[in-house]
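Here the structure is laid out as structure tokens; the discussion comes afterwards.
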Amino acid sequence: MVPSATDPQLANDPPIASDILHRMVKDFFDTMVGLPIEPISESDATDGCDCVQSSVRVSGDWSAHVVVTATRALATDIACAMFDLRPSNISEDEILDAIGEAANILGGNIKSEVGGTCELSIPRVGLFEYEDSDAFTEIFRCNDQFLRLIIRPIAN
Amino acid sequence: MKLLIVDDSKAMRMILIRTLKKTSLGDFTIIEAASGPEALEILEKDSPDMILSDWNMPEMKGIELLQKIREAGNNIRFGFVTSEGSDETKQLALDSGAAFVLTKPFTADSMQAVLEPVLS
Chain Y
0 MVPSATDPQL ANDPPIASDI LHRMVKDFFD TMVGLPIEPI SESDATDGCD
50 CVQSSVRVSG DWSAHVVVTA TRALATDIAC AMFDLRPSNI SEDEILDAIG
100 EAANILGGNI KSEVGGTCEL SIPRVGLFEY EDSDAFTEIF RCNDQFLRLI
150 IRPIAN
Chain Z
0 MKLLIVDDSK AMRMILIRTL KKTSLGDFTI IEAASGPEAL EILEKDSPDM
50 ILSDWNMPEM KGIELLQKIR EAGNNIRFGF VTSEGSDETK QLALDSGAAF
100 VLTKPFTADS MQAVLEPVLS
């Protein structure tokens, strides 16, 4: 039983079941990226510090940051697929654009799944060192690289 | 058919153009705008047959763009491509004069399904 994400008392509970988040990420990769991706457990993830990160904020009946963190190699693969370019021809701006769009699409899908009245922010992108998250994290592997979908609920 | 694509993400504009080519809707002449204000500028000097716009953009949201176009008396065919496919979003879009809302992520088939009735 998945708790109601719009119940402020449940702000610290997972907002959406894992299988739904897995389907969202798989649909995004199938249609927008064209690469196979699979959910994995934390123990199977060996992503290091060199990551690219983007996030959107959902604000309203339910509020959270939805963060997409990808290893730099995977972020480059995503950008190459989206722009139809070779890795040697892809720019930093294009990598950030692609990973920002990933957060925009997944954040929007999550917002729609949660329901209620919410606003979605413009994506923020950056290059950060990966830090362990205290929020809900789903981990995926694609081309032996890793992507994390992190949901950090914000108490209303 | 001249199509104006409005999206602040260049990656998404490229995906939209590639996906359009995979449909059987024929050839399109594509004009690109990276923002709502840029789209309005283009509309002043060009006459696209249809607009495909993102919803969530800086400077001007897609829904504001549509409302400004309708306020100006322009009845150009207008569709949204957005990751926010909630019933609330769709209702607001349709009430404001949009012909459809295509939810991201999309396929050539789902794009064709929403565009075909509008173009026929």
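Protein sequences appear in the order of chains Y and Z. Here the first sequence is numbered in numbering that gives the first Met the number 0, starting from 0 and rising by one per residue. Here the second sequence is numbered in numbering that gives the first Met the number 0, starting from 0 and rising by one per residue. All residues carry an ideal CB built from backbone N, CA and C; glycine is no exception. Computed from a prediction, not measured in an experiment: that's the story for all the values here.
Three-state secondary structure (DSSP) of Cys79 of chain Y: By one-based count along the first sequence, residue 79 of chain Y stands at place 80. Helix at Cys79 of chain Y.
Inter-residue CB distance, Thr116 of chain Y and Glu87 of chain Z (contact presumed, cutoff 8 angstroms): The count along the first sequence starts at 1 and reaches residue 116 of chain Y at position 117. The count along the second sequence starts at 1 and reaches residue 87 of chain Z at position 88. Contact holds; Cβ gap of about 7 angstroms.
Local conformation of Leu114 of chain Z per DSSP, three classes: Translated into positions along the second sequence, residue 114 of chain Z becomes position 115. DSSP, read as helix, strand or coil, puts Leu114 of chain Z in helix.
Asp53 of chain Z, enclosing beta strand (DSSP E) - first and last residue: Position 54 of the second sequence, counted from the first residue, corresponds to residue 53 of chain Z. That run of the beta strand (DSSP E) goes 49-53.
Those runs of the alpha helix (DSSP H) which lie wholly inside the segment 61-103 of chain Z and span at least 4 residues: The segment 61-103 of chain Z contains these whole alpha helix (DSSP H) runs: 61-70, 86-94.
Same chain, Cβ closer than 6 angstroms to Ser159 of chain Y, neighbours up to 5 away in sequence not counted: Because chain Y spans 0 through 155 in this model, residue 159 of chain Y falls outside it and cannot be assessed.
Which of helix, strand or coil DSSP assigns to Thr30 of chain Y: By one-based count along the first sequence, residue 30 of chain Y stands at place 31. Thr30 of chain Y falls in the helix class under three-state DSSP.
Thr75 of chain Y versus Ala71 of chain Z: straight-line alpha-carbon distance, rounded: In the first sequence, the residue the question calls residue 75 of chain Y occupies position 76. In the second sequence, the residue the question calls residue 71 of chain Z occupies position 72. Looking at the two C-alpha atoms, the distance is approximately 42 angstroms.
Euclidean distance between Cα positions of Ala78 of chain Y and Val51 of chain Y: To locate residue 78 of chain Y, count along the first sequence from 1; it is residue 79. To locate residue 51 of chain Y, count along the first sequence from 1; it is residue 52. Taking the Cα positions, Ala78 of chain Y is about 12 angstroms away from Val51 of chain Y.
Cβ neighbours of Thr5 of chain Y in the same chain (closer than 7 angstroms, five flanking residues each side left out): As a working note, residue 5 of chain Y is residue 6 in the first sequence. Confidence at Thr5 of chain Y is low in this model, with a pLDDT of 40, below 50, so the placement of that residue should be treated as unreliable; the coordinate-derived value is given next. Counting only Cβ-Cβ distances below 7 angstroms, and skipping sequence neighbours, we find Asp60, Trp61, Val113, Gly114, Gly115.
Members of the segment 85-107 of chain Y that neighbour chain Z once the beta carbon cut-off is set at 8 angstroms: The segment 85-107 of chain Y vs chain Z, Cβ under 8 angstroms: Glu93, Asp96, Ala97, Gly99, Glu100, Asn103, Ile104, Leu105, Gly106, Gly107.
Under 7 angstroms by beta carbon: chain Y residues contacting Met11 of chain Z: Your numbering for residue 11 of chain Z matches position 12 in the second sequence. The contacting residues are Glu100.
From Z:Leu19, Z:Ser34, Z:Pro36, residue whose alpha carbon lies closest to that of Thr28 of chain Z: Start at 1 with the first residue of the second sequence, and residue 28 of chain Z comes out as number 29. Nearest option by C-alpha distance: Z:Leu19.
Ser90 of chain Y in three-state terms, based on DSSP: Residue numbering aside, residue 90 of chain Y sits at position 91 when the first sequence is read from its first letter. Three-state result, Ser90 of chain Y: coil.
Local conformation of Thr5 of chain Y per DSSP, three classes: Walking along the first sequence from the start, residue 5 of chain Y turns up at place 6. Because the pLDDT of Thr5 of chain Y is 40, which lies under 50, any placement of that residue in the model is unreliable, and the number read from its coordinates should be weighed accordingly. Coil, per DSSP.
Beta carbon proximity, Ser82 of chain Z to chain Y, threshold 8 angstroms: Here residue 82 of chain Z is taken as the residue at index 83 of the second sequence, counted from 1. Taking Cβ atoms only, chain Y reaches closer than 8 angstroms to Ser82 of chain Z, which makes this a yes.
Length of the line joining the Cα atoms of Glu93 of chain Y and Met13 of chain Z: Numbered from 1 along the first sequence, position 94 holds the residue referred to as residue 93 of chain Y. Numbered from 1 along the second sequence, position 14 holds the residue referred to as residue 13 of chain Z. One C-alpha to the other measures close to 12 angstroms.
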